[in-house]
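For this note's numbering, add 17 to where a residue sits in the sequence shown, where the first one is 1.
Built from N, CA and C at the ideal position, the CB exists for glycine as well.
None of the values given here were measured: they were computed from a predicted structure.
Notes to accompany the following structure.
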Amino acid sequence: MRITYCLFALLCIFTGCNSYASSLDQKKKLHVQVHNYEEEIILHANSTATLKRFVDATIYNDQRHNHINYTRFFYDEDRKINNLFLEISDVNGKSIQKIKKKDFIDQAAYDGISLFSDNRILFYRINNISSPYRLKVTLEMELKQIMNVPAFFPIKDAYTGLSKAKFTVICPEGKDIFYRNTQIDDPEIKTIDDGRAFIWRVNKIEPIQKLSNYDCPFIEVVPWVDWVPSSFAYGGASGGYSTWSEFAGWLAKLNSDVGDLPQDAIDEVRRLVNPSMSMEEKIRIIYTYLQQRSRYVSVQLGVGGFKPFDAKTVHATQYGDCKALSNYMKSLLAQVGVPSFYTVIRAGKDEQDGVQPDFPSNSFNHAVLLVPVEKDTIVLECTSQNSPCGYRSSFTDHRYALAIGEDGGQLIKTPGYGADENWEKDSVRLDLAEDGSAYLKSYSEFGGSRAELYGLMDLSESDQINYLIDYVDFGQFDIEHVSMELVHKPNWDYTYKLNTELRSSNFASRSGNRIFISPTVFHDFTHVPSEDSVQYGFRLTTSVDYFVDVYINIPVGCVLESALFDEKIESIFGSYTIKYELQEQENVLKVSRNYSTRKGRFDKAAFHDYKAYRKKIKKLESADIVFVQK
């Protein structure tokens, strides 16, 4: 799916800094100061627009390559740069360089994914100029379509201050816009000749320090405006954003002529199924057919960034992008009597909130296929050649998506995994020798989003081993054997199984006649955030239950030195339990640990409680188990 115009805005924002940050301490906290950021977008009656932008900024720390954000400009066949001028001066205003459009380097904006793309970039390398320096940028761009329009982001990065900014959208008579604001007041609306002007203003924003991994997203704490035109025309079809159904109707019209299959494809898929098969069987067979005869290739060309290649072309070439493959799968299923819905979605592991249900817009970056079945909805990821059929991946789970029908569509929420469905269960047998060496066999199962480890099955054995060394803290072990299995369960669910055999020559430490080992044999839950606090809201992004049972075969001639006590810690962030069971008849010590995390948003002050909670867990995880020779 074509990158949305909102992302284009993020890439092309200009920021800067001023002389009040001249001290060394201030420079550490202020990399850029924007003195003035003005942007004006003039909508035209023919569904085109003109964008004008002026930025006056100072760079104090260009070692963070801040100038790249102010000297690169993306364009394609829908966005034409008519005027571009950059002036570099010292902090006293003495001009150093003046750069015209012809001085910029013009090249393809290769994204590393797309085989075909018309995205290009103009950029200028600032060389031999030391910071601080001042930038003034003037840009005028012709927007040949207004279905995707740039959001207004006057602050792009941390350590960026803003003196003032102004954003204006001018609508001709008969046109309107919809908008939503974050950290910015509603616009002033003025009546002008033949239309209206919407004007947003921002004044004096202090630089935001770099956010920690536990802070709320950066986009929630900076001022920005998301907006769309009430109506547009693009790709030979008219559309609008009054409702989700209206926008879906435009997509439906765009896709109305891409569903036909050649007769050989129809005959082939009909031979694969028979009427007596259940709908589930038909879906699995056709999905396997899709995976075996097609591959993913990204295509981003003009309206082709929104309209799929037709099914005949995909069948002939055996490749397509997410749009084309989803449309192709829809056509294949239709031939065996399975209805489905071409669906656009905001994909990404941390993009569950990327689409706001009360603000119709084109916030989508991917296409999938939704298949309604009895008491369920299946999401088919059609770009993957190894994804299990119907697996609810964290790439597209639990978020709003727009399912397209013949005459419109509906905003739906894709199925997700609940807090009790994401889990990992590990059963570990540890043979400990007197010299501190150890042999370990583990049996692990993964459910919910944790089952995404099935992707390891397609790696080479060496790559599997390297991943596991990092993933399960196997660095002290030599991995001797790995086996994996993906198990299909009812209701389009899967369990991933992983078995490993490992050996370590120095697993335990010795002191005299004592042997010391840590209870963190499998998984280490000792992490404590290094940050002292968070700047804004505090959040945890994952809910998972870990169940780890370790059976330690006590070395012959050794006994447990002292009693071990069960412990349990509960909090609003999750819970932790450790239990010890001495099975004297088998000379085995069983150590059971259960660590549960719960995602959520919390007050800023709660971060101190979270750190204290994690420190308690670390203390229990770090306590040695001691065996002594009799």
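For Asp93, no beta strand (DSSP E) run applies, since DSSP gives it neither H nor E.
Taking all protein chains shown into account, Ile642 has 16 or more neighbouring C-beta atoms within 10 Å of its C-beta and is therefore buried. In the three-state reduction of the DSSP assignment, Phe140 falls in the strand class, which pools E and B. Scanning Lys366, Val355, Thr360 for the CA closest to the CA of Ala341 turns up Thr360. With fewer than 16 other Cβ atoms inside 10 Å of its own Cβ, Thr558 counts as exposed. With a threshold of 16 other beta carbon atoms within 10 Å, Asp338 meets it and is buried. Spatial neighbours of His498 in its own chain (CB-CB distance under 6 Å, excluding positions within 5 residues in sequence) are listed in chain order as Glu518. Residue environment analysis places Met474 among the exposed positions, since fewer than 16 neighbouring C-beta atoms fall within 10 angstroms of its C-beta. Three or more beta-carbon pairs drawn from the region 523-541 and the region 441-449 are found closer than 8 Å, and the two stretches are therefore classed as touching. With fewer than 16 other Cβ atoms from the protein chains shown falling within 10 Å of its own Cβ, Phe582 counts as exposed.
Taking a cut-off of 8 Å on C-beta distances, the region 589-601 does not touch the region 516-531, as fewer than three cross pairs fall below it. In the three-state DSSP reduction, Ser466 falls in the helix class (H, G or I).
Spanning the alpha carbons of Phe619 and Phe555 requires a straight line of approximately 5 Å. Taking 8 Å as the upper bound for CB-CB distance, Pro374 and Leu428 are in contact here, some 6 Å apart. Straight-line spacing of the CA atoms in Arg301 and Gly365 works out to 24 Å. The beta carbon of Tyr417 sits closer than 6 Å to those of Val372, Pro374, Leu428, Lys430, all from its chain and outside the five residues before and after it, given in chain order.
About 7 Å separates the beta carbons of Lys118 and Ile98, which is inside the 8 Å limit, making them a contact pair. Distance between Tyr513 and Pro507, taken at the CA atoms: about 14 Å.
Pairing Arg610 with Val565, the inter-Cα distance amounts to about 5 Å. Proximity to Pro377 across Gly256, Lys69, His505, Tyr251 peaks at Gly256, based on C-alpha coordinates. Residue range 280-289 is occupied by the alpha helix (DSSP H) that includes Gln280. Just so you know, the alpha carbons of Glu398 and Pro356 end up roughly 16 Å apart. Annotation for Ile595: Glu584, Arg610, Leu637 place their beta carbon closer than 6 Å to its own, counting only its chain and skipping 5 residues before and after. In the three-state reduction of the DSSP assignment, His498 falls in the strand class.
Pro240 and Val219 have their C-alpha atoms some 8 Å from each other. Separation of Thr75 and Asn165 (C-alpha to C-alpha, rounded to the nearest whole angstrom) is 30 Å. Here the C-alpha atom of Ile586 lies approximately 13 Å from the C-alpha atom of Lys628. DSSP places Gly266 in the uninterrupted alpha helix (DSSP H) bounded by 261-271. About 5 Å separates the beta carbon of Val290 from that of Val353, a gap short enough to meet the 8 Å contact definition. When the alpha-carbon of Val608 is set against those of Val49, Ile569, Arg631, the nearest one is in Ile569. The three-state reading of DSSP puts Met294 in coil, since its state is none of H, G, I, E or B. Contact between Leu139 and Leu101 holds, with the beta-carbon distance rounding to 7 Å and staying under 8 Å.
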